[in-house]
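The structure appears right after this line, and notes come after that.
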Amino acid sequence: MQTLTAIIRARKGHEDAVRAALIAVGAHVRAHEPDTLDFFVAQDPEDPCRFTTYERFTDRAAMERHNAGAGSQGFFRDAGPLLDGPVTVVTATEIFAR
């Protein structure tokens, strides 16, 4: 199982737009990406500008399709100018799940 965790910071005042763009990615995943097994988005209650995604894929190829796909590309097209700095991305191979 391939995973990707992203830490995304919205510029102050743009939290709602970034949140909506992330939810749109989730809707795209649900409708079009059967090999994206899970796509979770969280917003930090202490710092509403900080979002975290946790994404699970059947394999690396599925992750690469997701990253190159319309949902992810649309997010960066629409929300990219609203972000506060680069997105921190960590990819890994899942070794334990409950």
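Going by our numbering, the residue at position 63 of the sequence shown is 64; the numbering climbs one at a time, nothing skipped. Glycine included, each C-beta is placed from N, C-alpha and C at the ideal position.
Whose C-alpha, out of Ala63, Val90 and Pro87, is nearest the C-alpha of Leu38? If we check each option's Cα against that of Leu38, Ala63 comes out closest.
message: Can you look up Asp36 in the DSSP assignment and give me helix, strand or coil?
response: Coil, per DSSP.
**Report entry** the stretch 3 to 12 touching the stretch 80 to 87, judged by at least three CB pairs closer than 8 angstroms
**Finding:** Judged by Cβ distances under 8 angstroms, the stretch 3 to 12 makes contact with the stretch 80 to 87, as three or more pairs qualify.
Which first and last residues belong to the alpha helix (DSSP H) in which Ala98 is found? For Ala98, there is no enclosing alpha helix (DSSP H), as DSSP marks it with neither H nor E.
Q.
Rounding to the nearest angstrom, what Cα-Cα distance links Asp60 and Ala18 in this structure?
A. Taking C-alpha positions only, Asp60 is separated from Ala18 by approximately 30 angstroms.
N-terminal and C-terminal residue of the alpha helix (DSSP H) that Ala69 is part of = DSSP places Ala69 in the uninterrupted alpha helix (DSSP H) bounded by Arg61 to Ala69.
_Beta-ladder partner(s) of Glu56, from DSSP_ = DSSP, once it has assigned bridges, lists Leu5 and Phe40 as partnering Glu56.
| field | Own chain, CB closer than 6 angstroms to Phe41, minus 5 neighbours either side, in chain order | value | If we look at Phe41 and ignore the five residues flanking it on each side, its Cβ neighbours are Tyr55.
Where DSSP assigns a beta bridge to Leu84, which residues make up the other side?
Beta bridge pairing from DSSP links Leu84 with Ala11.
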